[in-house]
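*Asks:* Have a look at this one.
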Amino acid sequence: MGVVTTFLVLLRGINVGGKNKVPMAELRKCLEGLGFSGVSTFIASGNVILTSDRPAGETAARIEAALPKAFELDSELVKVLVLTHDQLRAVVDDRPEGFGDQPDKYHSDAIFLIGIDSAEVMPIFNPREGVDRVWPGDGVVYAERLSAQRTKSRLSVMMTSPLYKSMTVRSWNTTVKLLELLDAGAASADLG
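The sequence shown lines up with residues 21 to 212 when you count with this note's numbering.
Set out below in structure tokens:
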């Protein structure tokens, strides 16, 4: 038995546009069947918090291998990113100054990178001056677009890149909420 760690698991490419349907209750059962404990999900976009006695890479590989067997997936584009509590905290703490602070004005996303780094992906973004802003981070790209002008945003151009298969996008709101859930879980674990 290794050290037991609580991870955030981000699944890429499930429940998108009616494709790769994965019901959350069945996903929880599937992951519990793999031996993970404390499995909880947050909204249907593929956010899971669980406890594992395996390292992050092995945890990701086991989940990635199990999903196509457990669910009828339409494509191979499902990928799994496993982050520690500290890694997610760093994503939130190291954000560009003011990022995500004006949700009424800007639509802000954290684009999590799976096995690639921000230096590789920055060239595929084509931000439109005055509408989009993009910042590289550690394992993440921070992207923001002016809500009033979002139809003029060029950020969706990244979806045409082969590198898009190695990214999973979460709204900033969801990202912060996931950190709060991990913090709360850590607090209750400390009490236990």
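Glycine included, every Cβ here is placed at the ideal spot set by N, Cα and C. Here the structure is a predicted model, which means the values were calculated and not measured.
Under the assumption that residue 73 contacts residue 23 (Cβ atoms under 8 Å), give the Cβ distance between them as a whole number of angstroms.
*Replies:* Here residue 73 refers to the residue found at position 53 of the sequence shown. Here residue 23 refers to the residue found at position 3 of the sequence shown. Confirmed, about 7 Å.
*Asks:* Residues in its own chain within less than 8 Å of residue 172 by CB, not counting five upstream and five downstream?
*Replies:* As a position in the sequence shown, residue 172 is number 152, starting the count at 1. So the qualifying residues of the chain are 148, 151.
*Asks:* Throw me the rounded Cβ distance for the residue 105 and residue 188 pair, which I believe falls under 8 Å.
*Replies:* For this step, residue 105 is matched to residue 85 along the sequence shown. For this step, residue 188 is matched to residue 168 along the sequence shown. That pair is no contact at about 18 Å.
*Asks:* Taking the CB atoms as reference points, tell me whether residue 194 and residue 67 lie closer together than 8 Å.
*Replies:* As a first step, residue 194 must be located in the sequence shown, where it is residue number 174. As a first step, residue 67 must be located in the sequence shown, where it is residue number 47. Yes, these two residues count as a Cβ contact at 8 Å.
*Asks:* Just checking my contact of residue 123 with residue 155 at CB under 8 Å: how many whole Å lie between their CB atoms?
*Replies:* Taking the sequence shown and counting its residues from 1, one reaches residue 123 at position 103. Taking the sequence shown and counting its residues from 1, one reaches residue 155 at position 135. The Cβ separation is near 17 Å, so there is no contact.
*Asks:* For residue 190 and residue 162, what's the separation of their Cα atoms in angstroms?
*Replies:* Along the sequence shown, read from residue 1 onward, the residue named residue 190 stands at position 170. Along the sequence shown, read from residue 1 onward, the residue named residue 162 stands at position 142. Going by the C-alpha atoms only, they are around 10 Å apart.
*Asks:* With which residues is residue 99 paired in a DSSP beta bridge?
*Replies:* Within the sequence shown, numbered from 1, the residue matching residue 99 stands at position 79. In the DSSP output, where bridge partners are listed per residue, residue 99 has 32.
*Asks:* Sort 83, 57, 69 by Cα distance to residue 108 and report the nearest one.
*Replies:* As a position in the sequence shown, residue 108 is number 88, starting the count at 1. Looking at the Cα atoms, 69 is the closest of the given residues.
*Asks:* Considering only residues of the same chain and omitting the five flanking positions on each side of residue 130, which have a CB-CB separation below 7 Å?
*Replies:* Locating residue 130 in the sequence shown gives position 110, counting from the first residue. So the qualifying residues of the chain are 111, 160, 162, 190, 192, 195.
*Asks:* Starting from residue 187, follow the alpha helix (DSSP H) in both directions and report where the run begins and ends.
*Replies:* Here the question's residue 187 lines up with position 167 in the sequence shown. Segment 187 to 191 is the beta strand (DSSP E) holding residue 187; no alpha helix (DSSP H) there.
*Asks:* Enumerate in chain order the residues of its own chain whose CB-to-CB distance from residue 103 is below 6 Å, with the five nearest sequence positions on each side excluded.
*Replies:* Within the sequence shown, residue 103 is the residue found at index 83, counting from 1. Excluding sequence neighbours, residue 103 sits near 28.
*Asks:* Can you check which of these residues, 65, 46, 50, 146, is closest to residue 33 by C-alpha distance?
*Replies:* Against the sequence shown, residue 33 aligns to sequence position 13. It is 65.
*Asks:* List the DSSP bridge partners of residue 65.
*Replies:* Walking along the sequence shown from the start, residue 65 turns up at place 45. Answer by DSSP bridge pairing: none, since residue 65 is not bridged.
*Asks:* State the DSSP-derived secondary structure class of residue 148, mapped to helix, strand or coil.
*Replies:* Taking the sequence shown and counting its residues from 1, one reaches residue 148 at position 128. The answer is coil: DSSP assigns residue 148 none of H, G, I, E or B.
*Asks:* Of all the options 93, 114, 134, which has the alpha carbon lying nearest to the alpha carbon of residue 182?
*Replies:* For the purposes of this step, residue 182 is taken as residue 162 along the sequence shown, with counting starting at 1. Residue 182 has its Cα closest to that of 134, out of 93, 114, 134.
*Asks:* Starting from the C-beta of residue 56, find all residues in its chain whose C-beta is less than 6 Å away, skip the five residues before and the five after it, and write them out in chain order.
*Replies:* Taking the sequence shown and counting its residues from 1, one reaches residue 56 at position 36. Counting only Cβ-Cβ distances below 6 Å, and skipping sequence neighbours, we find 70, 72.
*Asks:* Whole-angstrom Cβ separation of residue 146 and residue 177, contact assumed at under 8 Å?
*Replies:* Sequence index remark: in the sequence shown, residue 146 carries index 126 (1-based). Sequence index remark: in the sequence shown, residue 177 carries index 157 (1-based). Yes, they are in contact, since the Cβ atoms of residue 146 and residue 177 sit about 5 Å apart, within 8 Å.
*Asks:* Would you mind reading off the limits of the alpha helix (DSSP H) that contains residue 82?
*Replies:* Stepping through the sequence shown from its first residue, residue 82 is reached at position 62. First-last of the alpha helix (DSSP H) with residue 82: 76 to 90.
*Asks:* Ends of the beta strand (DSSP E) at residue 177?
*Replies:* The residue given as residue 177 occupies position 157 in the sequence shown. Here residue 177 belongs to no beta strand (DSSP E), and DSSP marks it neither H nor E.
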